[in-house]
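Below: one structure, written as structure tokens.
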Amino acid sequence: MTGKRLTARFIATMLTLFSLTAGAVAQSNVGGAPQDAGLWLQEAASEQAQRIDDFNVLLLWIIIVITIFVFALMFYVMWRFREKANPVPSKVSHNTFIEIVWTVVPIIILVVIGVISLPLLYWQDQVPETDMAIHVTGNQWNWTYNYPDHGNIELTANVVPDATFANASERAAAEAELSSFLGWPATLNARLLDTDYRVVLPVNTKIKVQLTASDVLHAWTVPAFGVKLDAVPGRLNETWFEANQTGIFYGQCSELCGKDHAFMPIAVEVVSKEDFARWVELQGGTVTAEASAPALGR
77 MTGKRLTARF IATMLTLFSL TAGAVAQSNV GGAPQDAGLW LQEAASEQAQ
127 RIDDFNVLLL WIIIVITIFV FALMFYVMWR FREKANPVPS KVSHNTFIEI
177 VWTVVPIIIL VVIGVISLPL LYWQDQVPET DMAIHVTGNQ WNWTYNYPDH
227 GNIELTANVV PDATFANASE RAAAEAELSS FLGWPATLNA RLLDTDYRVV
277 LPVNTKIKVQ LTASDVLHAW TVPAFGVKLD AVPGRLNETW FEANQTGIFY
327 GQCSELCGKD HAFMPIAVEV VSKEDFARWV ELQGGTVTAE ASAPALGR
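Below you can see the structure in the form of structure tokens.
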């Protein structure tokens, strides 16, 4: 087979693989939860997550261009300078122009990436003026949530235990229902993503998350919000997010924290501000004037 045919077949194979990958990516986003065999980031539910997704796409295109260029250059060199075409090898050992190019171009690429990524990191790290706060404590192996702005409502969220269900068939039915909701195959145990108490938060509200731990390192991670931060014993870390859509969003502890690390999920239920005010009242908490007005008007 000639070199041209080999090159054409290689390009066709790469394009086919890319199209298949793009098709799988387009189907991998299911609201607020990972999907079996998914290949892409979860669908963004906050500006932070959307910016991260956009930056990830930019990096993908940069690496695609670099990869295509390097492969093309490799195949060109192997074909152009093969033994048959060059029975007498070249004695040239240096080329000043090429050495300058392969030094300067990577620097320019890194500078472009840095110019985009560093402001994004700074924007995520700087907590703005927020509307409310939640205090999150990681424990072995559950999460304790406190609402300091709403009368110190406190709840501890555990993975939904087997004791919740009367028998195995009831548990299987609940797991199948949740798997169907998440778009997962019924054979997967999606129940391990849910908790007995969900974190209830209002939509379109800037929320400060204060993180600590009572025993060992944990990490509070909700991919749909673009949030991932360590919970460290004796230290208070802060981050923030603003969910721009209602729904249930799942995450997990992302720091190895012991034998039940895999059974320490996070479930956040984002509701309207009116529903959040009603939830706070039902919990016996204090509703702020801004949040209570719509709820009390009904």
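Each residue of the sequence shown is one higher than the last, beginning at 77 in the numbering used here.
By construction, the Cβ of each residue, glycine as well, lies at the ideal position given by its N, Cα and C atoms.
Asked, Found
"Identity of the residues DSSP links to residue 287 by a beta bridge", "212, 313"
"Cβ contact (3+ pairs, closer than 8 Å) linking the segment 334-352 and the segment 145-162", "no"
"Alpha-carbon to alpha-carbon, residue 144 and residue 86", "Confidence at residue 86 is low in this model, with a pLDDT of 41, below 50, so the placement of that residue should be treated as unreliable; the coordinate-derived value is given next. Approximately 11 Å between the Cα atoms of the pair."
"7 Å Cβ cutoff met for residue 295 and residue 251", "no"
"Simplified DSSP assignment, three categories, for residue 183", "helix"
"Burial state of residue 360, where buried means 16 or more other Cβ atoms lie within 10 Å", "exposed"
"Close-in-space but distant-in-sequence residues of the same chain around residue 203 (CB under 8 Å, 5 per side omitted)", "284, 314, 315, 316"
"Cβ neighbour criterion (16 or more within 10 Å) applied to residue 102", "Only weak support exists for where residue 102 lies, its pLDDT of 31 falling under 50; the coordinates are left without a value."
"Alpha helix (DSSP H) segment containing residue 126, residue limits", "123-156"
"Status (buried if at least 16 other CB within 10 Å, exposed otherwise) for residue 255", "buried"
"Beta-carbon spacing of residue 229, residue 298 below 7 Å", "no"
"Limits of the beta strand (DSSP E) - the one that residue 293 falls within", "Segment: none, residue 293 is in no beta strand (DSSP E) and carries neither H nor E."
"Own chain, CB closer than 7 Å to residue 289, minus 5 neighbours either side, in chain order", "213, 214, 307, 308, 309"
"Residue 356 in three-state terms, based on DSSP", "helix"
"Pairwise C-alpha distance: residue 119 and residue 129", "9 Å"
"Residue 242 - DSSP class collapsed to helix/strand/coil", "coil"
"Beta-carbon proximity check, residue 122 vs residue 318, cutoff 7 Å", "yes"
"Contacting residues, own chain, Cβ-Cβ under 6 Å from residue 241 (five flanking each side not counted)", "247"
"Residue 225, DSSP secondary structure in three states", "helix"
"Cβ shell of residue 131 (< 7 Å), same chain only, five flanking positions each side left out", "192, 193, 196"
"Beta-carbon proximity check, residue 276 vs residue 355, cutoff 7 Å", "yes"
"From 158, 133, 189, 208, residue whose alpha carbon lies closest to that of residue 353", "208"
"Closest residue to residue 351 among 278, 223, 239 (Cα-Cα distance)", "278"
"For residue 329, the first and last residue of its enclosing beta strand (DSSP E)", "323-329"
"Residues near residue 173 by beta carbon distance below 6 Å, same chain, minus five either side", "none"
"N-terminal and C-terminal residue of the beta strand (DSSP E) that residue 341 is part of", "341-347"
"DSSP three-state assignment for residue 104, whether helix, strand or coil", "Confidence at residue 104 is low in this model, with a pLDDT of 32, below 50, so its placement is unreliable and the value that follows should be read with caution. In the structure shown, residue 104 sits in coil (DSSP, three-state: anything other than H, G, I, E or B)."
"Residue 305 - containing beta strand (DSSP E), residue span", "303-307"
"Expected contact under 8 Å - CB spacing of residue 236 and residue 270 to nearest Å", "5 Å"
"Under 7 Å between C-beta atoms of residue 305 and residue 287", "yes"
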